[in-house]
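This report concerns only the one structure given below.
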Amino acid sequence: MSNLTSWVDVDLDALSNNVKIIKDFIGKTKMLAVVKADAYGHGIVPVAFTAIESGADYIGVSNIDEGILLRKNGIEAPILVFNTILPEQAEKILQFDLTATVCSLDVVQALHEEAKRLNIRARIHIKVDTGLGRFGILPEHAPEFIRIISTDFKSVDIEGIYTHFSAASSESITRMQFNKFQSVTKAIQESGFNIPLSHACNSIATVKYPEMHLDMVRTGNLMYGLSPAGNLNIKKVAGVFSRIIFIKNLPKGHNIGYGNKYTTKRPTTVAVIPFLDIMMVLNFRCPNPAV
Ligand SMILES: *Cc1c(COP(=O)(O)O)cnc(C)c1O
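Residue 12 is where the sequence shown starts when you use the numbering used here, and the numbers rise one by one after that.
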């Protein structure tokens with residue numbers, strides 16, 4: 012620490028407070044803490060520990076490797092992998108007790124066979140594409156998809172069903188997506204299936220549309236203090252800092268920097284900030300000393 016002149020400070024106490032504020036706001040709804048992409052640059056392992064310690068119920072990552080990294084570092088909470096997997100990755104999902112996002116039968120079949128072989132059960136969340144056009148089955152195919160899974164793939168438990176909003180700040184687009192999702196979950200319920208966790212909201216939707224919280228919300232940006240928080244007392248978690256390491260006075264008409272793009276218009280005091288050698292510093296309280 013002592014030789015550092017530029018650093019990113021990740022305030023895990025602020026993160027912890029944000030998680031508690033979100034939990035308070037959503038009441039009985041569960042909170043999935045999104046820690047994909049190295050927790051948006053904040054450090055995936057300490058962020059995941061802090062989020063769980065502070066009351067988050069579920070962890071969300073993009074891919075299997077992020078999930079495995081968390082398991083190897085001692086995270087025991089349920090972990091949902093957002094990206095759909097390839098059938099050959101079924102074994103890793105089960106080996107590390109991850110929850111797979113599913114939107115095709117080949118993946119369900121691979122999970123079912125692997126689970127049977129290991130004499131365990133596979134846990135999946137079904138993704139419904141209500142408008143983003145990325146992962147997910149189309150709403151009209153969802154009831155049949157679920158019927159097939161529950162009759163033909165007995166080693167697979169459907170724990171959740173979810174969708175992702177494509178423009179959460181637009182109320183009309185989001186309502187349309189939400190209504191599509193609601194008609195799917197209703198149709199499924201009416202045909203006698205009970206899926207414990209329906210979820211749709213990302214950060215912006217969590218704040219803007221409390222009536223869409225359902226059983227769980229998936230918050231990333233809000234938890235890090237990076238998206239509009241309405242009346243919630245959310246704080247930014249990361250700050251970028253640097254020391255000034257040199258100050259000098261330049262005369263009028265002197266160049267500053269490469270490419271000679273700026274010339275001083277008057278005698279000018281110049282400070283140099285050594286920003287190229289920036290390093291990550293975490294003030295974390297992580298229960299695993301190896302991290
Ligand atoms: C990234 C992501 C989120 C979190 O989005 P934020 O806007 O950061 O809250 C939620 N759900 C899924 C599926 C995601 O990929």
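Where is the CB? At the ideal position from N, CA and C, for every residue including glycine. Please read these numbers as outputs of a predicted model, since none were measured by experiment.
Classification of residue i by the beta-carbon crowding that lies within 10 angstroms, buried from 16 upward
i	result
R145	exposed
K41	buried
P150	buried
L97	exposed
A59	buried
N260	exposed
P57	buried
N213	buried
F257	exposed
F189	buried
Span of the beta strand (DSSP E) around residue i
i	result
M42	K41 to V45
K259	F257 to L261
Residue i to residue j span [Cα, whole Å]
i	j	result
V19	A249	7 Å
Y269	V281	15 Å
I206	D24	35 Å
D49	I55	4 Å
L43	I90	9 Å
S65	A211	22 Å
G236	K246	5 Å
P285	S17	7 Å
Proximity winner among the options, relative to residue i (alpha-carbon distances)
i	options	result
V224	L26, D35 and S27	Checking the sequence shown, residue 224 turns out to be His, not Val. Looking at the Cα atoms, D35 is the closest of the given residues.
S161	I79, V119 and G236	V119
T279	N266, P285, N271 and K272	N266
A9	S209, P154 and S177	Because the chain spans 12 through 302 in this model, residue 9 falls outside it and cannot be assessed.
L243	G85, K276, N29 and P57	N29
G208	I75, I172, D76 and K219	Going by the sequence as given, residue 208 is Leu instead of Gly. With distances taken between Cα atoms, L208 lies closest to I172.
V167	L26, I137, K191 and D226	I137
D76	T110, A67 and T61	T110
D68	T112, F93 and K39	K39
E125	I104, K276 and D140	I104
R229	A179, D108 and E87	A179
Limits of the alpha helix (DSSP H) - the one that residue i falls within
i	result
F189	E182 to E201
Nearest-angstrom Cβ-Cβ length linking residue i and residue j, presumed shorter than 8 Å
i	j	result
V101	L122	For the sequence presented, residue 101 should be read as Ala rather than Val. Right, the Cβ-Cβ distance comes to about 5 Å (below 8 Å), so this counts as a contact.
I37	T217	7 Å
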